[in-house]
Amino acid sequence: MLFLMLCATQLMGQAVSVVNLRTELLVNPVGIDVTLPRLSWELKSSARGVEQTAYQVLVASTPEKLSGNEGDLWSSGRVSSDVSVHVRYQGTALKSNERAYWKVKVWTSRGESAWSSPANFSIGLLNYVDWKGRWIGVDKPFPWDSETQWSRLSARYLRKEFEAKKAVKRATAYIIGLGMYELYLNGEKVGDQVLAPAPTDYFKGVKYNAFDVTSMLKPGKNAIGTVLGNGRYYTMRQDYKPYKIKNFGHPKMLFNLLVEYADGSKDVVVSDDSWKLTGNGPIRSNNEYDGEEYDATKEMPGWNKTGFDDKDWQKASFVQEPGGTYEAQMNENMKVMATLKPVSIKKLKANTYIMDMGQNFAGWIRMRVKGAKGDTVKLRFGENLQASGELYVRNLRDARSTDTYIVKGGAQESWEPSFIYHGFRFVEITGFPGTPTLNDFDGRVVYDEIKTTGEFVTSNLTINQVYKNAWWGVLSNYKGMPVDCPQRNERQPWLGDRTTGSYGESFMFDNSRIYAKWLDDIHQSQKEDGSIPDVAPAFWRYYGDNVTWPATYITVAEMLYRQYGDLESVREHYDHMKKWMDYMAGKYTQDGLITKDKYGDWCVPPESKELIHSRDPKRQTDGVLLASATYIRLSFIMEEFARLLGKPEDAGDFSSRASAIKAAFNQKFFDASKGQYSNNTITANLLPLVYDIVPEGAKENVVRSIADKIMVENKGHIGTGVIGTQWLMRGLSRNGRSDIAYKLASNRDYPSWGYMVENGATTIWELWNGNTADPAMNSGNHVMLLGDLVIWYYENLGGIKSDPSAPGFKKIIMKPEVIEGLNSAKASYQSVHGMIRSDWKRSGKSFNWNITVPSNTKALVYIPAAAAGKVKEGKKSASSAEGVKFVGMEGDRAVFEVGSGDYSFSSGK
Ligand code: BGC
């Protein structure tokens with residue numbers, strides 16, 4: 001585990017300073033955490049045209065050495081380079097549990113910076129032998145537990161006292177607590193993470209978390225307490241589908257506390273059978289889908305402090321290790337990221353209230369209650385209400401989504417659950433002593449601790465609300481892995497939901513770590529023969545050999561490269577991706593096409609509002625077309641990956657695969673006389689268009705077919721499902737039909753994103769007809785139908801796009817669309833190189849545009865203007881402004897290259 005410190009310094013009087021130091025560790029695919037940190041930083045300056053020309057990194061073993069400019073671990077020397085992200089550590093080999101301190105200075109076109117403030121990181125336990133002690137737990141249920149479809153398994157409490165024999169210099173706690181853990185030292189919770197660690201296929205690999213607990217230790221006696229919840233480890237709840245759903249066993253943990261004393265000696269406190277354990281504590285049941293039951297009358301005051309009498313507790317048992325590797329968790333843990341106040345509580349009938357949180361989200365309720373011992377409050381969660389005002393839970397399937405709290409009595413009690421979450425907007429409250437008021441409840445919004453990186457607002461209110469809903473939807477479904485939905489009995493990491501979504505999400509959130517972790521999950525789920533499932537980790541075992549869902553393995557790696565400039569995932573996974581590509585082609589090629597498809601263009605708007613899936617063949621797209629077009633696209637990406645990795649032979653091979661399938665594809669599906677593919681669905685025409693399959697000269701006709709379908713047959717409405725929607729908005733814009741894209745984005749009637757808003761959605765629905773469809777599949781908080789909408793918002797409306805030739809926004813293409821009806825857009829994006837801003841307004845013929853280009857990057861800006869001479873920057877002609885260079889005219893745009901800095905362009909007056 002890495003301790004990360006973000007430092008921001010703006011040094012007075014310095015033209016350029018270095019800020020936001022970031023450290024990433026690489027996990028070596030063969031070992032357990034052979035680590036090579038990579039270092040990133042940002043340059044900050046108010047000057048224009050700042051370019052880094054060289055850097056120097058110092059890495060030291062103590063803060064003192066670092067401040068004395070002694071890089072005893074690594075001193076890079078002055079390296080001539082403009083690279084400021086993902087710089088590989090090249091110093092002395094780092095050892096287990098070692099801590100390092102680093103700083104950087106840069107030389108730039110505008111002078112030299114001072115040294116940055118220091119940042120630090122720690123190395124995890126690199127080898128199995130570094131882990132002392134054993135796995136402990138108890139491998140059976142307690143007498144009060146029950147193992148059924150709605151299993152009730154109480155949380156396991158473990159405790160141990162130990163002696164800090166001397167003055168402590170440093171103490172680090174390492175824990176693998178499965179399925180989930182809470183860790184306490186001397187009664188204090190360690191860390192603010194919740195629902196940790198991140199879920200994995202525990203048979204293949206488990207994540208450990210590490211904490212610096214130096215300040216929590218006391219001289220003399222200390223007490224460690226842990227609580228183990230079920231999470232995805234113990235999934236007996238779904239034992240009715242043992243052939244499909246994996247169960248890993250009962251909760252267990254491995255724990256090491258490494259203590260370094262001031263005199264240089266060391267101690268380690270480990271998990272072993274000297275620990276005591278009980279299941280007879282207050283958490284009587286905890287189950288991700290059904291909720292948590294907490295009996296406060298069974299609290300054990302002081303159980304996690306020294307001196308507690310644990311004579312009624314049993315000895316912890318040694319249990320089998322889960323198998324697989326121990327991996328430092330490099331993605332963020334979940335945390336309570338926000339707290340909401342409810343907007344209303346209404347009485348439904350005697351003893352039953354309905355509370356509205358005003359927002360659909362994932363997390364839980366914190367409750368304050370004062371009552372008599374044994375009073376039982378039940379909170380039941382749902383996304384919606386029925387017409388009667390009662391909670392609507394039919395779309396949760398068999399998830400009970402209910403928390404129960406038994407009051408201990410006396411003073412006011414405050415409670416929130418530990419090991420579960422719900423997806424909800426409404427809460428049914430029963431059994432509350434007295435009348436519940438708004439002040440008694442808080443909504444706790446829980447997702448991975450990742451930063452919101454983007455802001456986006458336009459003159460169009462529908463677009464603004466859909467964007468907000470998307471933001472809520474995406475964060476709700478980050479759960480240490482991206483899941484499909486947070487509410488019903490599913491919550492699975494379906495690959496196909498994120499094929500393109502992950503890219504749009506990357507503008508809103510720094511999702512680099514969760515997705516890098518997810519690629520590891522996908523890799524771990526790959527079968528020996530190359531097959532990749534549709535869900536990974538494969539908690540649900542869906543090895544159906546589909547193309548469109550597993551495609552995500554490749555497109556997410558592409559996203560990490562394009563958006564974060566990070567080639568590491570590509571490097572790490574390339575061979576496995578290739579194995580899958582080979583496997584699919586080897587097994588499913590027929591007449592030159594790839595034939596395997598499972599889901600079709602999932603969730604197209606159906607012909608009747610009650611249906612989940614359309615039965616109308618005119619709305620459905622041929623599976624062979626979907627599989628083959630996707631395979632062509634993936635071959636192009638693999639070709640690029642191969643080039644980037646210096647594998648020209650592979651690149652050539654992928655390129656010829658793509659060409660061969662293309663030829664067969666056009667022969668089979670293309671009707672040149674009509675300019676249509678297959679049965680002329682939007683998706684059937686769109687994929688060949690955006691994947692560069694359409695023969696030269698025929699594009700216009702295919703675009704026309706799409707336009708006719710949308711504007712004439714669908715009367716200006718969307719007709720695509722999960723696959724087509726991934727390219728719809730960009731496909732239209734790239735082909736000169738931004739007017740249609742804008743129409744689709746602004747619609748408020750069925751089917752459209754605006755229709756969801758119009759019907760009260762505060763997130764994005766699973767189905768276009770999510771308010772009327774069969775409850776068997778109508779989650780109110782799915783993100784897959786966003787398709788490429790968020791990408792289009794940022795790249796096409798905001799005008800912020802990373803140049804494919806210089807990924808990670810090292811070079812930025814700023815080209816906002818000018819669309820009739822849209823008068824302004826304001827977007828910002830915190831890229832790995834720094835903050836990018838674009839804020840434009842249009843009225844009549846005049847266009848005003850303020851932009852910020854981060855230091856050490858460049859941008860190509862496309863300004864609507866009849867000629868360069870019509871463009872001003874500030875009060876000057878743009879061509880003569882500092883940092884601005886006219887490149888040429890491109891259609892109705894004057895194109896300038898600009899260096900970093902703030903600019904204010906105007907044209908047209
Ligand atoms: C999930 C989807 C998933 C789909 C594929 C649904 O139940 O919620 O998000 O992609 O199944 O079959």
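Note that full-length UniProt numbering has the sequence shown beginning at 1, numbered continuously upward. No residue lacks a Cβ here, since even glycine has one placed at the ideal position from N, Cα and C. Just so it is clear, the structure is predicted and the values come from calculations on it, not from any experiment.
- DSSP places Trp753 in the helix class (H, G or I) of the three-state scheme.
- By the Cβ-count criterion, Trp144 is exposed, with fewer than 16 other Cβ atoms from all chains shown falling within 10 Å of its own Cβ.
- Scanning Phe424, Val270, Thr108 and Ala827 for the CA closest to the CA of Phe162 turns up Val270.
- The secondary-structure analysis by DSSP pairs Leu519 with nothing; it has no beta-bridge partner.
- By the Cβ test, the region 398 to 415 is not in contact with the region 321 to 328, since fewer than three Cβ pairs between them sit closer than 8 angstroms.
- Per DSSP, reduced to three states, the secondary structure at Ile136 is strand.
- The criterion of a C-beta distance shorter than 9 angstroms is satisfied by Leu626 and Asp597.
- Taking 9 angstroms as the cut-off, the Cβ atoms of Arg156 and Leu254 do not count as close.
- The three-state secondary structure of Phe203, taken from DSSP, is coil.
- As for any alpha helix (DSSP H) of minimum length 4 sitting wholly inside the region 188 to 259, there is none.
- Across the structure, Tyr353 and Ala387 are spaced so that their CA atoms are roughly 15 angstroms apart.
- Rounded to the nearest whole angstrom, the CA to CA distance from Tyr55 to Asn796 is 35 angstroms.
- Just measuring C-alpha positions, the residue of Trp849, Glu321, Pro854 and Val790 sitting nearest Ile812 is Pro854.
- Runs of the beta strand (DSSP E) lying entirely within the region 737 to 823 and spanning at least 3 residues, in chain order: 811 to 814.
- Looking at the DSSP output, His422 sits in a beta bridge with Gly363.
- By the Cβ test, the region 551 to 570 is not in contact with the region 585 to 605, since fewer than three Cβ pairs between them sit closer than 8 angstroms.
- For the pair Gly799 and Gly869, the Cα-to-Cα distance works out to about 22 angstroms.
- Within 8 angstroms of the C-beta of Val722 there is at least one heavy atom belonging to the ligand BGC.
- Bridge pairing for Thr352: Lys349 and Thr430 [DSSP].
- Residues Phe211, Val213 and Leu257 of the same chain have their beta carbon placed closer than 6 angstroms to that of Ala173, with the five preceding and five following residues left out of the count.
- Three or more Cβ pairs drawn from the region 807 to 822 and the region 836 to 844 lie within less than 8 angstroms of each other, which places the two stretches in contact.
- Listed in chain order, the non-local C-beta contacts of Asp601 below 6 angstroms within the same chain comprise Thr621, Thr683, Gly721, Ile723 and Gly724, local neighbours out to five positions each way being set aside.
- By DSSP's assignment, Pro482 forms a beta bridge with Tyr478.
- The beta-bridge partner set that DSSP reports for Asp440 is empty.
- Around the beta carbon of Ala372, fewer than 16 other beta carbons lie within 10 angstroms, which makes this residue exposed.
- Checking the 8 angstroms criterion, the Cβ of Gln412 is out of range of every heavy atom belonging to the ligand BGC.
- If you compare the alpha carbons of Asp290, Thr306, Lys647 and Tyr447 with that of Ile514, the shortest gap goes to Tyr447.
- Between the region 682 to 699 and the region 742 to 758, the count of Cβ pairs shorter than 8 angstroms is below three; the stretches do not touch.
- The beta carbon of Glu383 sits no closer than 8 angstroms to any heavy atom of the ligand BGC.
- Taking 8 angstroms as the upper bound for CB-CB distance, Trp518 and Val483 are not in contact here, some 11 angstroms apart.
- Around the beta carbon of Tyr101, a 10 Å sphere encloses 16 or more other beta carbons of the protein chains shown; the residue is thus reported as buried.
- In this structure, the CA atom of Gly719 is about 10 angstroms from the CA atom of Leu744.
- Of all residues, those with a beta-carbon under 5 angstroms from at least one heavy atom of the ligand BGC are Asp484, Trp494, Gly496 and Asp497, reported in chain order.
- Distances from the alpha-carbon of Asp892 to those of Ala867, Phe886, Lys875 and Ala878 put Ala867 closest.
- Shown here for Lys244: same chain residues with a beta carbon closer than 7 angstroms to its own, the five before and five after excluded, namely Trp540 and Arg541 in chain order.
- Taking a C-beta distance under 9 angstroms as the contact criterion, Tyr553 and Leu644 do not qualify as a contact pair.
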